[in-house]
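Student:
Residue numbers (our numbering), protein chains in the order written: chain A, 2 to 559; chain B, 47 to 440.
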């Protein structure tokens with residue numbers, strides 16, 4: 002396609018509708034219109050100009066508002082369907098893998114669940130088609146913005162003060178007629194007082210205000226693109242850490258994915274509202290629901306290995322700080338944050354037994370078994386001792402006569418012991434679990450009698466590092482600025498020209514809020530005695546309405 | 047009088063004031079017999095003053111309750127919904143000051159009344175905050191959201207007035223059906239209020255045990271006569287009615303029962319109104335809206351979105367994400383409430399693109415405004431009560 006030269010001499014890019022410089026209509030279609038199409042200043046948008054190559058077609062597809070809105074609506078509907086059944090991440094299955102999740106949906110929700118799972122709605126937001134839709138939205142944001150912004154920017158930069166009469170009289174706000182000689186100066190003065198930027202050229206004047214509001218939509222789209230870019234970045238390794246750390250009271254552990262940092266759990270607290278004292282006002286609510294949690298808290302000490310020490314060495318760690326991690330009050334250090342997320346109360350720590358004679362119930366002494374680091378043998382003095390032959394922290398039953406443990410956590414400890422006393426110097430073997438004792442090698446004279454247990458709490462902490470947060474924040478900020486810029490300001494322009502016969506011609510345009518524009522013009526008109534203006538859009542609408550009514554009356558008559 | 051009592055009395059005053067103002071606004075726009083509207087301005091002003099009294103009383107409720115509980119009263123279904131009623135009226139006040147439109151008051155105030163009545167069906171005693179809510183972000187995030195939603199709802203109010211005027215109620219059409227459906231749904235909410243009030247005043251209770259979806263025995267208390275039974279239920283209350291049928295374990299039959307009762311009472315009420323008025327409810331409003339400027343309603347519809355959308359973005363997405371990052375360690379977790387906030391946002395984004403890019407003004411815009419309100423209400427009611435998630439504090 003060729004460049005379009007206007008009668009005024011300005012060379013416009015192919016596809017231009019209104020000359021960038023003087024505003025003459027360049028197409029026949031435009032020439033026949035009563036009002037000029039000012040949406041993008043009559044500029045040549047790529048999408049409206051080229052439609053030959055495959056690239057043109059793709060460009061045109063993504064630059065269309067219709068396509069953009071369709072993508073938004075598809076995302077909206079998909080997201081809505083995604084909330085009908087719970088997402089896989091919130092589903093409780095004993096063992097988490099693809100098969101159990103699939104089975105869960107089929108078992109609990111039947112046919113609907115199967116279809117839901119098949120279409121990927123159970124993990125909607127990681128499903129390929131959802132991500133592709135979001136990607137298409139991002140492309141649409143970029144293409145549609147460029148398609149409009151570039152020519153609009155060119156046009157507003159190139160605009161001339163003096164416009165062709167055919168441009169002036171096709172503006173929605175238009176006036177012509179005689180006016181006093183000082184009108185131009187007075188109009189200039191008043192427009193300046195109203196904070197318009199006024200440019201003069203020969204017999205003409207251009208007053209402009211709030212051009213930056215035209216960039217609002219593009220600015221907010223840039224914000225959204227930055228946000229989506231930040232979200233994409235999270236998928237790259239290193240930008241994002243998400244780890245879980247279970248830590249028992251009294252333990253010191255390395256913080257996963259935070260090299261050189263250690264955490265000591267000093268104490269875990271869980272409180273509920275009592276309904277007394279300060280909480281008395283909540284009594285009724287507490288009675289209704291049973292119990293309400295007040296606080297989950299882990300008191301910790303953060304340690305760091307000195308820089309010069311060997312990696313993995315824990316003996317010379319230095320205290321960094323103490324902190325009480327509570328919900329809404331994570332521990333923060335070096336870009337990391339540690340959150341209170343979960344807990345287990347009363348995990349067994351140690352168990353105390355008495356070695357007693359079954360008949361006389363006489364005790365020969367007691368022993369305490371540390372369930373984390375049990376000893377091999379417990380000497381009670383007087384030739385009395387208990388050997389720990391086997392320890393099964395989470396006893397789950399026998400297999401081929403061998404006791405088994407399911408996990409290394411002391412949920413259901415089992416002990417295989419041999420008890421030596423002066424009476425039984427060869428030892429008696431016994432297998433002990435909570436509330437049960439098995440004597441595999443025949444009846445014993447002695448047994449271990451459970452006395453008490455020591456417990457402790459376990460805190461479930463989450464460790465996060467998210468280097469994309471500043472990018473997301475920036476995106477959000479730019480979006481908000483763009484929205485405010487585009488929505489709360491508008492781009493108003495007036496063109497005034499002195500005709501050869503001494504009369505004035507005036508045209509006005511705004512991208513939105515015509516009411517505001519007219520209020521400005523009313524003030525200027527009054528001050529500078531400008532000819533009265535008309536709103537051509539309203540005139541056209543009035544005429545159409547009149548025609549319609551006449552037609553209706555005609556119908557009724559006939 | 048304690049602070050809590052003062053608070054609930056102020057809410058009561060607000061309710062009565064809105065009720066009176068509704069009728070005065072109605073009278074103002076109805077005009078006199080000759081059909082001249084000389085008194086519209088004067089009576090509109092009177093109604094507006096009554097609305098203001100109600101609003102300040104409502105605000106008084108909010109402040110005194112805040113001082114009674116020690117935290118922003120936005121922490122459960124009763125508190126949030128009551129505040130939503132307040133911001134809805136607040137939004138109306140702002141737009142009334144800009145455009146002086148009594149007819150908007152006639153539509154918005156009854157909706158606010160319904161919302162407050164709906165709110166008071168939920169437990170209203172002062173309740174303590176769970177750890178996740180113990181932060182200033184509760185006040186910042188929720189109040190921004192509730193203000194934004196109140197203003198966005200005004201867009202629907204203006205849209206509704208627009209539709210009441212333009213939709214021809216004498217000719218069968220899709221528009222007539224859907225407009226009447228909106229009216230019917232408002233009456234169903236009233237049905238819910240009536241049914242719950244009746245059964246709670248009469249102290250109805252029926253206890254059942256049932257088998258839940260994990261196969262365990264559980265118990266449940268119905269506060270309305272059980273139309274639908276839980277999975278493999280056993281009745282524990284003698285003389286309680288026998289449910290008509292049993293539901294699978296994934297469905298909470300008690301909630302279904304409440305919904306059915308609301309529809310039942312609402313439908314009776316709807317047909318009563320229709321029989322007495324001898325026309326559709328939407329048609330009853332025709333004489334009240336004949337003097338309405340459509341252009342102005344369209345402008346209010348749009349203006350409310352312009353103010354509400356950025357506020358909603360700020361409160362329901364940005365502040366929400368900041369808080370979620372602090373409390374739950376992730377700024378976004380696809381919790382149903384979060385998803386529906388995103389859906390609302392996407393919807394209004396589509397509204398703006400259609401209006402500014404595709405020229406969807408007037409009637410189309412009015413329908414969109416009403417649909418937006420429906421989405422907001424869905425997020426408030428259905429997501430809290432039906433789709434359980436992290437935000438289900440009711």
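C-beta atoms are modelled at their ideal positions from N, C-alpha and C, and glycine is treated no differently. Bear in mind the structure is a predicted one, so any value in this text is a computation, not a measurement.
Just to confirm before moving on: does the CB-CB distance between residue 347 of chain A and residue 467 of chain A stay below 8 Å?
Tutor: As a position in the first chain, residue 347 of chain A is number 346, starting the count at 1. As a position in the first chain, residue 467 of chain A is number 466, starting the count at 1. Contact flag unset, no.
Student: Kindly indicate if chain B contains any beta-carbon less than 8 Å away from that of residue 73 of chain A.
Tutor: The residue labelled residue 73 of chain A in the question sits at position 72 within the first chain. Cβ-Cβ to chain B under 8 Å: yes for residue 73 of chain A.
Student: Given a limit of 7 Å on CB to CB distance, which residues of the region 436-467 of chain A reach chain B?
Tutor: Taking 7 Å as the Cβ-Cβ cut-off against chain B, the residues of the region 436-467 of chain A that qualify are 463, 465.
Student: Along the chain, where does the alpha helix (DSSP H) that runs through residue 166 of chain A open and close?
Tutor: Counting from one through the first chain, the residue named residue 166 of chain A turns up at place 165. Unbroken alpha helix (DSSP H) run through residue 166 of chain A: 166-169.
Student: So what does DSSP say about residue 127 of chain B, is it helix, strand or coil?
Tutor: Within the second chain, numbered from 1, the residue matching residue 127 of chain B stands at position 81. Correct three-state label for residue 127 of chain B: helix.
Student: What residues from chain A crowd round residue 359 of chain B, counting only those whose CB sits closer than 8 Å?
Tutor: Here the question's residue 359 of chain B lines up with position 313 in the second chain. Going along chain A in sequence order, the residues near residue 359 of chain B (Cβ under 8 Å) are 480, 481, 484.
Student: Span of the alpha helix (DSSP H) holding residue 60 of chain B?
Tutor: Along the second chain, one-based indexing puts residue 60 of chain B at 14. From DSSP, the alpha helix (DSSP H) with residue 60 of chain B extends over 49-76.
Student: Do the region 152-163 of chain B and the region 188-206 of chain B meet, that is, are 3 or more Cβ pairs less than 8 Å apart?
Tutor: Touching, per the Cβ criterion.
Student: Measure the C-alpha to C-alpha separation of residue 175 of chain A and residue 493 of chain A and round it to an integer number of angstroms.
Tutor: On the first chain, position 174 is the one that residue 175 of chain A refers to. On the first chain, position 492 is the one that residue 493 of chain A refers to. Rounded to the nearest angstrom, the two C-alpha atoms are 14 Å apart.
Student: Return the chain-ordered list of same chain residues with a C-beta closer than 8 Å to the C-beta of residue 370 of chain B, the five sequence neighbours on each side being excluded.
Tutor: Within the second chain, the letter at position 324 stands for residue 370 of chain B. Taken in chain order, the residues that qualify are 376, 377, 378, 379, 384.
Student: I want to check one thing, is the minimum distance from the CB of residue 131 of chain A to the heavy atoms of the ligand NAD below 7 Å?
Tutor: The model depicted lacks the ligand NAD and carries no ligand whatsoever.
Student: For the alpha helix (DSSP H) holding residue 102 of chain A, just list the boundary residues, first then last.
Tutor: Looking up residue 102 of chain A in the first chain gives position 101. It spans 99-119 - the alpha helix (DSSP H) in which residue 102 of chain A sits, taken as one unbroken run.
Student: Hey, which unbroken runs of the alpha helix (DSSP H) at 4 residues or more fall wholly within the region 148-205 of chain A?
Tutor: The region 148-205 of chain A contains these whole alpha helix (DSSP H) runs: 166-169, 184-194.
Student: Report the residues of the region 202-236 of chain B with a CB closer than 9 Å to any CB of chain A, ordered along the chain.
Tutor: Residues passing the 9 Å Cβ filter: none.
Student: Assuming residue 398 of chain A and residue 417 of chain A make a contact with CB atoms under 8 Å, what is their CB distance in whole Å?
Tutor: Along the first chain, read from residue 1 onward, the residue named residue 398 of chain A stands at position 397. Along the first chain, read from residue 1 onward, the residue named residue 417 of chain A stands at position 416. Contact doesn't hold; Cβ gap of about 14 Å is too wide.
Student: Which residues of chain A have a Cβ atom closer than 7 Å to the Cβ of residue 395 of chain B, listed in chain order?
Tutor: Within the second chain, residue 395 of chain B is the residue found at index 349, counting from 1. Within chain A, the residues near residue 395 of chain B are 73.
Student: Nearest to residue 292 of chain A by CA position, among A:280, A:173, A:532, is which residue?
Tutor: Translated into the one-based positions of the first chain, residue 292 of chain A becomes position 291. Residue A:280 is the option with its Cα nearest to residue 292 of chain A.
Student: How do the region 284-302 of chain B and the region 318-336 of chain B stand: do at least 3 beta-carbon pairs fall below 8 Å, yes or no?
Tutor: Segments in contact, no.
Student: Alpha carbon to alpha carbon, how far is residue 374 of chain B from residue 139 of chain B? Give it in angstroms, no decimals.
Tutor: By 1-based counting over the second chain, the position of residue 139 of chain B is 93. By 1-based counting over the second chain, the position of residue 374 of chain B is 328. Roughly 37 Å separates the two Cα atoms.
Student: If you draw a straight line from the alpha carbon of residue 114 of chain A to that of residue 128 of chain A, how long is it in whole angstroms?
Tutor: In the first chain, counting from the first residue as 1, residue 114 of chain A sits at position 113. In the first chain, counting from the first residue as 1, residue 128 of chain A sits at position 127. If you take the alpha carbons of residue 114 of chain A and residue 128 of chain A, they lie about 16 Å apart.
Student: So, are the CB atoms of residue 8 of chain A and residue 15 of chain A less than 8 Å apart?
Tutor: For the purposes of this step, residue 8 of chain A is taken as the residue at position 7 of the first chain. For the purposes of this step, residue 15 of chain A is taken as the residue at position 14 of the first chain. Their beta carbons are not under 8 Å apart, which means residue 8 of chain A does not touch residue 15 of chain A by this criterion.
Student: Give the residues from the region 160-172 of chain B that approach chain A closer than 9 Å (Cβ to any Cβ), ordered along the chain.
Tutor: The region 160-172 of chain B vs chain A, Cβ under 9 Å: 169, 171, 172.
Student: Go ahead and label residue 180 of chain B buried or exposed: buried means 16 or more other beta carbons lie within 10 angstroms of its beta carbon, across all protein chains shown.
Tutor: Walking along the second chain from the start, residue 180 of chain B turns up at place 134. It counts as buried.
Student: Ordered along the chain, which non-local residues of its own chain (more than five positions away) have a Cβ less than 6 Å from that of residue 168 of chain A?
Tutor: In the first chain, residue 168 of chain A corresponds to position 167, counting from 1. Here the set comprises 24.
Student: According to DSSP, simplified to helix, strand and coil, what is residue 70 of chain A?
Tutor: Position 69 of the first chain, counting from 1, holds the residue named residue 70 of chain A. Helix at residue 70 of chain A.
Student: Which ranges does the beta strand (DSSP E) cover as unbroken runs of at least 3 residues, wholly within the region 462-538 of chain A, from first to last along the chain?
Tutor: Counting only runs of 3 or more, we get 493-499, 505-511.
Student: Does residue 439 of chain A pass the burial test, meaning 16 or more other C-beta atoms within 10 Å, or should it be called exposed?
Tutor: The count along the first chain starts at 1 and reaches residue 439 of chain A at position 438. Burial call: exposed.
Student: Measuring CB to CB, does residue 495 of chain A end up less than 8 Å from residue 507 of chain A?
Tutor: Taking the first chain and counting its residues from 1, one reaches residue 495 of chain A at position 494. Taking the first chain and counting its residues from 1, one reaches residue 507 of chain A at position 506. Yes, the Cβ-Cβ distance between residue 495 of chain A and residue 507 of chain A is below 8 Å.
Student: Let me know if residue 177 of chain A comes out buried or exposed under the rule of 16 or more other beta-carbons within 10 Å of its beta-carbon.
Tutor: One-based indexing of the first chain puts residue 177 of chain A at position 176. With 16 or more other Cβ atoms within 10 Å, it is buried.
Student: Could you have a look at residue 436 of chain A and say whether DSSP puts it in helix, strand or coil?
Tutor: Your numbering for residue 436 of chain A matches position 435 in the first chain. DSSP places residue 436 of chain A in coil when its eight states are reduced to three.
Student: Would you report the Cα separation of residue 398 of chain B and residue 415 of chain B, rounded to the nearest angstrom?
Tutor: As a working note, residue 398 of chain B is residue 352 in the second chain. As a working note, residue 415 of chain B is residue 369 in the second chain. Going by the C-alpha atoms only, they are around 11 Å apart.
Student: Could you tell me the distance, in whole angstroms, from the CA atom of residue 289 of chain B to the CA atom of residue 344 of chain B?
Tutor: Working through the second chain from its first residue, we reach residue 289 of chain B at position 243. Working through the second chain from its first residue, we reach residue 344 of chain B at position 298. Going by the C-alpha atoms only, they are around 48 Å apart.
Student: So with CB distances below 7 Å, who are the chain A contacts of residue 400 of chain B?
Tutor: One-based indexing of the second chain puts residue 400 of chain B at position 354. 70, listed in chain order.
Student: Can you tell which of A:336, A:481, A:22 has its C-alpha closest to the C-alpha of residue 356 of chain B?
Tutor: Residue mapping note: residue 356 of chain B aligns to position 310 of the second chain, counting from 1. Among A:336, A:481, A:22, the Cα nearest to that of residue 356 of chain B is on A:481.
Student: As an exercise, report each continuous beta strand (DSSP E) stretch of at least 3 residues that is fully enclosed by the region 237-278 of chain B, in chain order.
Tutor: The region 237-278 of chain B contains these whole beta strand (DSSP E) runs: 252-257, 263-268.
Student: Quick check: the region 210-227 of chain B against the region 324-336 of chain B, are there 3 or more CB pairs under 8 Å?
Tutor: Judged by Cβ distances under 8 Å, the region 210-227 of chain B makes contact with the region 324-336 of chain B, as three or more pairs qualify.
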